[in-house]
Amino acid sequence: MQNSWRSVHPLSFSSTAVDLRVEKHTIQGMARILVIDDEASILNMLKVLLSIEGHQVVAHQEAASAMELVCQEDFDLVITDLRMTPINGIEVLKYVREQRPALPVIIMTAYGQVETAIESMQVCAFEYLKKPFRAADLLSTVRKALEMSASQQNG
Numbered sequence: 002m003q004n005s006w007r008s009v010h011p012l013s014f015s016s017t018a019v020d021l022r023v024e025k026h027t028i029q030g031m032a033r034i035l036v037i038d039d040e041a042s043i044l045n046m047l048k049v050l051l052s053i054e055g056h057q058v059v060a061h062q063e064a065a066s067a068m069e070l071v072c073q074e075d076f077d078l079v080i081t082d083l084r085m086t087p088i089n090g091i092e093v094l095k096y097v098r099e100q101r102p103a104l105p106v107i108i109m110t111a112y113g114q115v116e117t118a119i120e121s122m123q124v125c126a127f128e129y130l131k132k133p134f135r136a137a138d139l140l141s142t143v144r145k146a147l148e149m150s151a152s153q154q155n156g
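Under my numbering, residues 2 to 156 are what the sequence shown spells out, in order.
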């Protein structure tokens, strides 16, 4: 029963994926990250993982309320699930592109289809991550998105 959570959880947390003693890669202080996923367990895990990295995480299960925040608050990154109802991740991405064109968006999904991956890239998603993914891969993608965003703001 000890490993049953790991075998069904969509994120991989093997000993090679997450080492809480890893060196911190900070980008001029902590980033504010908006995370949107309709699955509470994934949302909570992402919040913990990103908080351990030193980021401030605003987590929402409903895309509509999260989208309102995009215009009301400053974020450095948005991470959203693809398959949500009634508003899906592509709609979130399009909205962010309209309201805050420079804000990087990472799309994640357990249903990796070529068509949705292509569409998310056409609407300028920073990255398209297929679940399950290793925590280290997510953190690396987050760092790259924040570095790119910071260089665009400073350049």
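Don't be surprised by glycine CBs; every beta carbon is placed ideally from N, CA and C.
Between the Cα of residue 129 and those of 61, 94 and 65, spot the shortest distance and give me the residue it belongs to.
Checking every option, the nearest Cα to that of residue 129 belongs to 94.
Quick one: what's got a C-beta closer than 7 angstroms to residue 75's C-beta in the same chain, skipping five residues either side?
Cβ neighbours of residue 75 beyond the five flanking positions: 33.
So does the region 132-152 actually touch the region 99-108, counting three or more Cβ pairs closer than 8 angstroms?
The region 132-152 vs the region 99-108: in contact.
Suppose the cutoff is 6 angstroms on Cβ atoms and the five residues either side in sequence are ignored; what does the same chain contact list for residue 52 look like?
Cβ within range, chain order: 58.
Using DSSP with H/G/I as helix, E/B as strand and the rest coil, what is residue 111?
Here residue 111 sits in coil by DSSP.
Nearest to residue 65 by alpha carbon, out of 45, 134 and 91?
Checked all of 45, 134 and 91; the closest Cα to residue 65 is 91.
For residue 82 and residue 141, I'd like the C-alpha separation in whole angstroms.
Residue 82 and residue 141: Cα-Cα distance of roughly 18 angstroms.
Quick check: residue 146 and residue 78, are their CB atoms within less than 8 angstroms of each other?
For residue 146 and residue 78, yes; Cβs fall inside 8 angstroms.
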